[in-house]
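Taking my numbering, the leading residue of the sequence shown gets 8, the next gets one more, and so forth. Only one structure is covered here, and it is reproduced in the block below.
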Amino acid sequence: MARRFTVHERRAVRDLAGAWDFTFLGEADPDTVDVAAIAFDEIMAVPGCFDAVPDHAGARGLAAYRLRVPIERAGRHRLAFDGVHHWCRVFWDGRPVRDHAGGFTAFSADVERAEAGTAEVIVLVDNRIGSLSPLHMEHADWYHFGGIARGAELHRLPHAWIEGLRVATEDAGAGRFSLRVDYRADAPGPVPLLVECGGRVLAEETVELDASGTVERAFELPGAETWSPSNPALHTIAVRLGEDDMRERFGLREITTEGGRVTVGGERLTLLGFNRHESHPQFGHTQPLPLLLADVQQIRDLGCNFIRGSHYPQDPMFLDLCDELGICVWSETIGWQYPAELLQDPEFVEAQREHLDEMVAAAINHPSIIVWGILNECPSYAPEARGAYERLLGRLRELDPTRPVTYATLNVYGDLCLDLVDVVAVNTYPGWYFGGVDEVPRELDKIAAHVAEAGHGDKPLLVSEIGAGAVPGWRDAHRGMWTEEYQSELLGAAVRHVIDDDRFAGIAIWVLGDFRTTEHKEMLLKRPRSVNDKGVLDEYRRPKRAYETVRELFRGAPQQN
Ligand code: ADA
Numbered sequence: 008m009a010r011r012f013t014v015h016e017r018r019a020v021r022d023l024a025g026a027w028d029f030t031f032l033g034e035a036d037p038d039t040v041d042v043a044a045i046a047f048d049e050i051m052a053v054p055g056c057f058d059a060v061p062d063h064a065g066a067r068g069l070a071a072y073r074l075r076v077p078i079e080r081a082g083r084h085r086l087a088f089d090g091v092h093h094w095c096r097v098f099w100d101g102r103p104v105r106d107h108a109g110g111f112t113a114f115s116a117d118v119e120r121a122e123a124g125t126a127e128v129i130v131l132v133d134n135r136i137g138s139l140s141p142l143h144m145e146h147a148d149w150y151h152f153g154g155i156a157r158g159a160e161l162h163r164l165p166h167a168w169i170e171g172l173r174v175a176t177e178d179a180g181a182g183r184f185s186l187r188v189d190y191r192a193d194a195p196g197p198v199p200l201l202v203e204c205g206g207r208v209l210a211e212e213t214v215e216l217d218a219s220g221t222v223e224r225a226f227e228l229p230g231a232e233t234w235s236p237s238n239p240a241l242h243t244i245a246v247r248l249g250e251d252d253m254r255e256r257f258g259l260r261e262i263t264t265e266g267g268r269v270t271v272g273g274e275r276l277t278l279l280g281f282n283r284h285e286s287h288p289q290f291g292h293t294q295p296l297p298l299l300l301a302d303v304q305q306i307r308d309l310g311c312n313f314i315r316g317s318h319y320p321q322d323p324m325f326l327d328l329c330d331e332l333g334i335c336v337w338s339e340t341i342g343w344q345y346p347a348e349l350l351q352d353p354e355f356v357e358a359q360r361e362h363l364d365e366m367v368a369a370a371i372n373h374p375s376i377i378v379w380g381i382l383n384e385c386p387s388y389a390p391e392a393r394g395a396y397e398r399l400l401g402r403l404r405e406l407d408p409t410r411p412v413t414y415a416t417l418n419v420y421g422d423l424c425l426d427l428v429d430v431v432a433v434n435t436y437p438g439w440y441f442g443g444v445d446e447v448p449r450e451l452d453k454i455a456a457h458v459a460e461a462g463h464g465d466k467p468l469l470v471s472e473i474g475a476g477a478v479p480g481w482r483d484a485h486r487g488m489w490t491e492e493y494q495s496e497l498l499g500a501a502v503r504h505v506i507d508d509d510r511f512a513g514i515a516i517w518v519l520g521d522f523r524t525t526e527h528k529e530m531l532l533k534r535p536r537s538v539n540d541k542g543v544l545d546e547y548r549r550p551k552r553a554y555e556t557v558r559e560l561f562r563g564a565p566q567q568n
């Protein structure tokens with residue numbers, strides 16, 4: 008998949024991006040489809056979203072993708088997907104090998120013994136909102152595009168292979184870090200291990216493998232540069248285990264949240280940035296490289312040092328670019344105003360937990376990720392929902408004790424779970440859903456005072472959403488709601504307040520770019536053009552008036568203090 012470095016130099020990897028055979032099966036039930044009888048009469052781009060292209064725009068149902076792939080040598084193979092929306096079943100030569108639900112996270116489907124010759128890969132992809140994909144809900148405010156939206160690859164796995172690498176900073180100043188190699192093997196036995204970093208050999212030894220397990224080592228890179236937003240120094244670690252190999256990029260840095268600020272790599276930050284959706288009218292959730300680069304260029308031009316990936320894990324290439332440019336990222340799981348009953352349903356919480364595990368597994372080594380988040384605007388004010396917060400935040404801490412955790416609250420005044428987070432994050436819409444622009448400083452003051460009174464004044468306090476709609480190009484002497492003038496004024500007031508008021512650790516404006524909303528009628532009635540237009544860019548990334556206002560304020564603000 009598109010990354011900024013070569014992950015495997017020895018392992019045989021085939022990029023499956025391209026034009027796949029395709030057909031749309033509509034209402035069909037995936038359990039009763041005879042895959043051998045499917046007539047593939049169209050083509051579809053992988054990566055891509057089938058419901059963003061003209062022939063199937065807005066379609067919901069089952070789709071089938073097919074690709075014939077040459078297999079040079081028989082043996083164990085792995086199909087690796089970076090994100091398929093929302094549910095899929097993967098077939099290898101007519102045989103189902105894996106189901107997956109969720110989208111936005113990587114998963115793989117293994118074939119123990121593939122014959123040499125040509126294999127037929129079929130993927131049934133279902134973008135209906137419902138039981139197959141419990142995390143996606145129609146009421147959530149974004150268009151839930153379907154398809155093989157991110158990269159796909161075929162790997163040939165040797166007898167012992169690396170499942171993943173985990174690099175954790177132990178002491179950034181001393182260049183100390185730990186490495187965990189997760190592996191699996193066809194048979195236990197000794198294999199050579201070689202670990203290199205920046206041309207230095209860190210380990211060369213023989214390790215005894217079990218059928219599956221981990222190898223853990225601690226290393227030191229004396230004098231190695233640390234990662235911080237103003238100096239995002241990266242290191243690449245290369246691991247060879249028997250015939251297999253894997254590389255990963257990492258940064259040496261600690262994150263702390265004491266004294267009401269997020270400190271990253273020794274820099275005490277004021278986080279200034281935006282929420283970012285991965286959505287485009289022509290590509291859906293797919294992020295072609297030129298689009299990603301345009302986003303990153305505009306994020307930098309705006310003077311941001313922070314992006315909240317709303318409301319799901321972001322594209323791995325976007326995270327790679329943030330690593331390189333020193334842009335701090337809040338990475339969160341899929342979530343949007345789930346009702347309290349759902350958070351009491353153990354099956355639902357388990358689905359969230361699985362998705363959360365996948366997010367962390369894929370992204371844990373990105374130094375740009377400075378905070379993990381869950382459950383946007385869910386009922387953290389309802390006592391019966393607290394168990395879900397404990398479970399999911401607890402799981403994040405268990406998987407990664409090095410990063411702070413948070414969630415964006417919808418109702419800070421009634422919130423019952425703030426004791427569970429390291430960063431208090433508040434979504435608030437003064438001047439939009441209530442009051443006028445003069446309500447902005449009043450409400451922000453009230454929030455900061457409440458958080459302090461509730462005993463959380465020492466935790467960084469982020470405005471995780473604030474914003475106003477603006478129909479692109481709509482200017483009006485009245486400067487009323489939906490005009491570019493009103494949005495610009497409101498965002499100016501919000502940013503100025505956060506920069507000037509030391510009680511705030513940062514702001515993530517809602518939102519960087521406009522994006523298509525869901526087809527839920529109640530939402531559509533509040534979204535002209537079916538678009539959430541609170542972006543400072545329109546959906547084609549053309550700047551609105553507020554862009555300049557925010558740019559000037561962000562660029563003029565001290566980003567460290
Ligand atoms: C909420 C939500 C966002 C978006 C926003 C809005 O805060 O978290 O996803 O829907 O409101 O535009 O109203």
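We treat Cβ as the ideally placed atom computed from N, Cα and C, and that holds for glycine.
- Boundaries of the beta strand (DSSP E) around PHE88: 82–88.
- According to the DSSP secondary-structure assignment, GLY310 is paired through a beta bridge with no residue.
- Closest option to ALA66, judged by alpha-carbon separation, among ARG135, VAL447, VAL91, ASP106: ARG135.
- Closest option to ALA392, judged by alpha-carbon separation, among SER375, PRO374, ASP422, VAL214: ASP422.
- The stretch 78–89 and the stretch 110–120 touch, with three or more beta-carbon pairs separated by less than 8 Å.
- A residue is called buried when at least 16 other Cβ atoms come within 10 angstroms of its Cβ; TYR72 meets this threshold and is buried.
- Rounded to whole angstroms, the separation of the alpha carbons of CYS56 and HIS292 is 7 Å.
- Around the beta carbon of PRO165, 16 or more other beta carbons lie within 10 angstroms, which makes this residue buried.
- The shortest CA-to-CA distance from VAL188 to any of GLY124, GLY68, GLU223, ARG21 is the one to GLU223.
- Within the DSSP bridge table, the entry for ASN238 names SER235 as partners.
- Within the stretch 510–559, complete beta strand (DSSP E) segments of at least 3 residues are found at 513–516, given in chain order.
- Judged by the Cβ position, GLU145 fails to qualify as a neighbour of ligand 1 at the 7 Å threshold, every heavy atom of the ligand being at least this far.
- Residue state for TYR440 is assigned as coil, using DSSP reduced to three classes.
- An exposed status is given to VAL208, since fewer than 16 other beta-carbon atoms sit within 10 Å of its beta-carbon.
- Nearest C-alpha to ILE377 among LEU276, CYS204, ARG552: LEU276.
- At a cut-off of 7 Å, the beta-carbon of LYS528 does not count as near ligand 1: no heavy atom of the ligand is closer than that.
- Across the structure, VAL271 and GLU261 are spaced so that their CA atoms are roughly 6 Å apart.
- Judged by DSSP secondary structure, GLU496 falls outside any beta strand (DSSP E) and instead within the alpha helix (DSSP H) spanning 491–507.
- Beta bridge pairing from DSSP links TRP99 with ARG102, VAL128.
- Along the stretch 127–208, the beta strand (DSSP E) occurs as fully enclosed runs of 3 or more residues at 159–163, 167–178, 183–192, 196–204, listed in sequence order.
- Straight-line spacing of the CA atoms in CYS95 and PRO37 works out to 9 Å.
- The beta carbon of PRO239 is closer than 8 Å to those of GLY258, ASP330, GLU331, LEU332, GLY333, PRO374, SER375 in its chain, skipping five residues each way along the sequence.
- In this structure, the straight-line span from the alpha carbon of VAL20 to that of GLY443 is close to 56 Å.
- ALA477 and ARG536 have their C-alpha atoms spaced approximately 11 Å apart.
- In the three-state reduction of the DSSP assignment, GLY401 falls in the helix class.
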